[in-house]
Each structure stands twice: as structure tokens, then as C-alpha cells.
DNA sequence: CACCCTAGTAAAAGTCTCTTGACATAGCGT
DNA sequence: ACGCTATGTCAAGAGACTTTTACTAGGGTG
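See the structure below:
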């Protein structure tokens, strides 16, 4: 698959939402703490399903949490 | 990962956008025709990256193309 | 110091996503 | 009938995502 960066504001939104810990977010989103750590450090992109769950857990829409930047424009 | 359905309107939006064929959408989104077929038939969910690329190829936001339905309410 | 909480690192294993290639079906025009 | 286009099926394999487990380290509290 071609390039295109995805940025995320998970860490930022975690603190806006009452200082949630990684573990609290993980539990609310239904994944493990490891996954949250990896995403905050941009080790990889989440699946669409997990992206939705994290966005909802943070009280946001997907595109408020994850921003796609096209490369060619 | 827990449940939660993701519906998509790829096929519908393909026709709204000037009767795009699966192959045209695939090329514009940077994936293969097989992948478009699988997604339209909901064989699996796309990655977040591909979801963004498909949404952009269809001139839409992610949540206009993919709808997440929580199970517990 | 001893204890707990939060965050980070690492590796193995399993599941899911995506591609490639070959083949099948249906419609449409000639 | 023949060729062309659009859609669909199947299978194998590579690569990406996620979990599990174990371990390290800093900060605060008693």
C-alpha cells in the first residue's frame, strides 16, 4: 500500500479527558495497555475497528483523533 | 478485541461518484480490486490507512463511508 | 527503605489485512 | 458465437496488527 502519514492525538486527548491513564483508556477501548503505548509512539497504525473504539473512548470522532496527511498534495 | 460492527457504504458511494468501477476506485485508493470486493462484501475491515485512502478517493470523510455501531448501546 | 502506580521496552505467538494469480459468471455490442 | 467489461470466487503467502508475559525505571506515600 502507498504512503501517507497518520498522526494521532491520543496522548493529548487522554489528558484532556480527565487525565486518563493508558490503562484506563485501554480498558475503555477494549484493548491492552501495550497497544495504547505503541499507538502513542506511532509504532504502527491501529485497525479501523480499534480506531473507532479509541475515538469513542475519548469522546471524539475518528478524524479528531487520527489525521491523515496525503503525501502528494 | 471486543465486538462492534462496522458498516460501509463503499458500493453506494462508488455509484454516486460517477459510477466508478471497483477497479477505478482501487487504483485511486492505491489498493487492489480484490480488496475493494472484499470490503464491499464485508469479508474484513480495512486498516485505518486504507480506510482514509478510500474515503478520500470517494470524496468523503471516514465516518461518511464507515459507520461504527457499538453493541452495548 | 518498602510499596504502589504509571509509563516504557522487548520478544514470541496468533490473528487479521492485503496482494498476487488463476479462473468463473453475466451483460452488452457486433 | 465471439470478444470485452465488470463483478465475483478461491487459495497461498507476505506483512501488519494485537495480545501475552516478563522485566526496567521514576515518582509519590507511609
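Chains as they are written, first to last, in my numbering: chain A, 1 to 73; chain B, 101 to 173. Just so it is clear, CB atoms sit at the ideal spot from N, CA and C, and this is done for glycine as well.
Asked	Found
Residue 168 (chain B), DSSP secondary structure in three states	strand
Option in A:1, A:5, A:13 with minimal Cα separation from residue 64 (chain A)	A:13
Contact residues within the stretch 124-148 of chain B, judged by C-beta distance below 7 Å to chain A	130, 131, 145, 146, 147, 148
Endpoints, the alpha helix (DSSP H) within which residue 105 (chain B) is located	Per DSSP, residue 105 (chain B) belongs to no alpha helix (DSSP H); it is in the beta strand (DSSP E), 105-108.
With 16 other Cβ atoms within 10 Å as the buried cut-off, status of residue 173 (chain B)	At residue 173 (chain B) the pLDDT is 48, less than 50, meaning the model places this residue with poor confidence and gives no usable figure here.
Inside the stretch 123-172 of chain B only - beta strand (DSSP E) runs reaching at least 3 residues	166-169
Three-pair Cβ contact test at 8 Å for the stretch 116-125 of chain B versus the stretch 146-165 of chain B	yes
C-alpha gap between residue 125 (chain B) and residue 150 (chain B), whole angstroms	12 Å
Span separating the alpha-carbon of residue 68 (chain A) from that of residue 147 (chain B)	13 Å
Cross-chain neighbours of residue 157 (chain B) in chain A, by beta carbon under 8 Å	Per Cβ cutoff of 8 Å: no residues; residue 157 (chain B) is ~11 Å from chain A at best.
CB contact check: residue 15 (chain A) to chain B, cutoff 7 Å	no
Per-residue contacts from residue 154 (chain B) into chain A (C-beta, under 9 Å)	The premise fails here: residue 154 (chain B) is roughly 10 Å from chain A at the closest Cβ pair, so nothing lies under 9 Å.
Residue 136 (chain B) versus B:128, B:144, B:122, residue with shortest Cα-Cα distance	B:122
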